[in-house]
Amino acid sequence: CDYLVIGSGFGGSVSALRLSEKGYRVVVLEKGKRLRSKDFPKSNWNLRKWLWVPLFRFFGFFRITLFRHLTVLSGVGVGGGSLVYANVLQIPPQEFFRSGSWAGLADWEQELYGHYETALKMLGATPNRRLEAGDRVLEKLAGDAGKADRFRPTTVAVFFGEPDVTVPDPYFDGMGPARAGCNFCGGCMVGCRYNAKNTTVKNYLYFAEKWGAEIRAECEMTDIRPLPAGQADGARYEVIYRRPTALHRGTQRVRARNVQISAGAIGTL
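The opening position of the sequence shown corresponds to residue 51 in this note's numbering, with each subsequent residue numbered one higher.
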């Protein structure tokens with residue numbers, strides 16, 4: 051392939067789409083499973099379907115990584131972190147772009163404006179239509195602190211149609227997948243079972259596959275080997291991967307001209 055993308059979360063899915071749009075042959079490796087709405091468990095207690103712990107043969111979509119002073123929650127599966135994110139898509143305030151060690155490098159607010167705009171459109175961002183008890187408490191606290199004008203509903207990546215009613219694609223002029231209206235079940239972070247949450251499976255990855263990208267689920271990269279120059283097929287790397295869900299430990303290989311590693315913050319860093 052021209053580009054091998056490792057990981058299908060936010061980074062990998064965006065790359066897969068944009069590279070496919072440009073006509074490159076793209077292959078995406080994702081170690082987790084490809085999940086449908088009905089595959090998400092109804093309860094967190096169904097650990098085998100919820101947690102990703104291959105050692106115990108748990109092949110869910112939610113990984114918990116324990117460190118000494120930190121616990122990291124991340125997504126595993128086609129769609130990566132978008133399967134378990136809280137859907138909140140807020141553009142930082144102006145002060146953020148002008149603080150920190152990056153402040154003097156560029157006018158980041160201006161540099162990133164168009165990209166925020168694109169991402170918000172792709173992910174179907176919209177103000178939350180319903181405020182719950184916790185939101186009302188925050189609204190009251192804002193008023194008590196003299197900042198009532200600063201309170202507003204969060205911008206979320208959710209389709210707010212008629213609850214549980216499936217309609218043709220509402221975002222991309224009918225070219226995307228059919229969607230169902232949110233029923234406010236509150237299960238966003240443990241896998242949406244009702245086709246309302248805007249994971250990257252519904253947009254970036256959906257169109258990447260339409261443009262010819264190949265997504266290989268249950269394929270965990272184990273090694274990247276540079277190849278000698280002058281390969282007949284133009285490949286510069288050989289990537290070795292295995293099936294983490296299989297009982298045998300055999301490996302497979304794919305040759306690529308370019309490799310992009312987007313396999314989650316923990317794996318990548």
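Don't be surprised by glycine CBs; every beta carbon is placed ideally from N, CA and C. In this text the structure is predicted, and so the values were computed from the model without any measurement.
- Have a look at H270 and G110 and give me their C-alpha separation to the nearest angstrom. At residue 270 the sequence reads Glu, which differs from the His that was named. If you take the alpha carbons of E270 and G110, they lie about 15 Å apart.
- Message: Distance check for V240 and Q132, CA to CA, integer angstroms please.
- Response: First, the amino acid is wrong: residue 132 is Ser here, not Gln. Across the structure, S132 and V240 are spaced so that their CA atoms are roughly 11 Å apart.
- Who pairs with K260 in a beta bridge, going by DSSP? Paired residue(s): none; K260 is not in a bridge.
- Task: State the Cα-Cα distance for the pair T205 and A279, rounded to the nearest angstrom.
- Result: Computed Cα separation, rounded: 49 Å.
- Item | For L277, three-class secondary structure by DSSP | Looking at L277 - three-state DSSP - the assignment turns out to be coil, as it is neither helix nor strand.
- Message: Please classify A212 as buried or exposed, where buried requires at least 16 other C-beta atoms within 10 Å of its C-beta.
- Response: Sequence inspection shows Glu at residue 212; the Ala mentioned does not correspond to that position. Its Cβ having fewer than 16 others within 10 Å, E212 is exposed.
- Item | Segment limits, beta strand (DSSP E) that includes L191 | Here L191 belongs to no beta strand (DSSP E); instead the alpha helix (DSSP H) covers 183-194.
- Task: Could you tell me the distance, in whole angstroms, from the CA atom of A228 to the CA atom of D219?
- Result: Rounded to whole angstroms, A228 to D219 spans 5 Å at the Cα level.
- Looking only at its own chain, which residues have a Cβ that is under 6 Å from the Cβ of V7, when we skip the five neighbours before and after it? Any answer about residue 7 is impossible in this case: the structure gives the chain only from 51 up to 319.
- Message: Looking only at its chain, what residues have a beta carbon closer than 6 Å to the beta carbon of A34, apart from the 5 residues adjacent to it on each side?
- Response: The chain is shown only over 51 to 319; residue 34 falls outside these bounds and no answer can be derived.
- Task: With L162 as the anchor, note down where its alpha helix (DSSP H) starts and where it stops.
- Result: Counting along the chain, the alpha helix (DSSP H) containing L162 begins and ends at 158-172.
- Exposure of K171, with buried meaning 16 or more beta-carbon neighbours within 10 Å: Counting Cβ neighbours within 10 Å, K171 comes out exposed, since fewer than 16 surround it.
- Give the range of the alpha helix (DSSP H) segment to which A66 is assigned. That run of the alpha helix (DSSP H) goes 60-71.
- Query: Start and end of the alpha helix (DSSP H) containing F146?
  - Reply: From DSSP, the alpha helix (DSSP H) with F146 extends over 144-147.
- Message: Does T272 pass the burial test, meaning 16 or more other C-beta atoms within 10 Å, or should it be called exposed?
- Response: Label assigned to T272: exposed.
- Message: Can you give me the C-alpha to C-alpha distance between F112 and R202, rounded to a whole angstrom?
- Response: Separation of F112 and R202 (C-alpha to C-alpha, rounded to the nearest whole angstrom) is 30 Å.
- Query: Sorted by chain position, which residues of the same chain lie with C-beta nearer than 6 Å to G129's C-beta, five sequence neighbours on each side aside?
  - Reply: In its chain, beyond the 5 residues on either side, T249, T250, V251 have a beta carbon closer than 6 Å to the beta carbon of G129.
- Message: Nearest by alpha-carbon distance to G73: which of L277, V289, A263 is it?
- Response: It is A263 whose Cα lies nearest to the Cα of G73.
- Within its chain, find whatever has a CB closer than 7 Å to the CB of N178; leave out the 5 residues flanking it on each side and keep chain order. In chain order, P203, T204, V206 place their CB closer than 7 Å to the CB of N178, counting only its own chain and leaving out the 5 sequence neighbours on each side.
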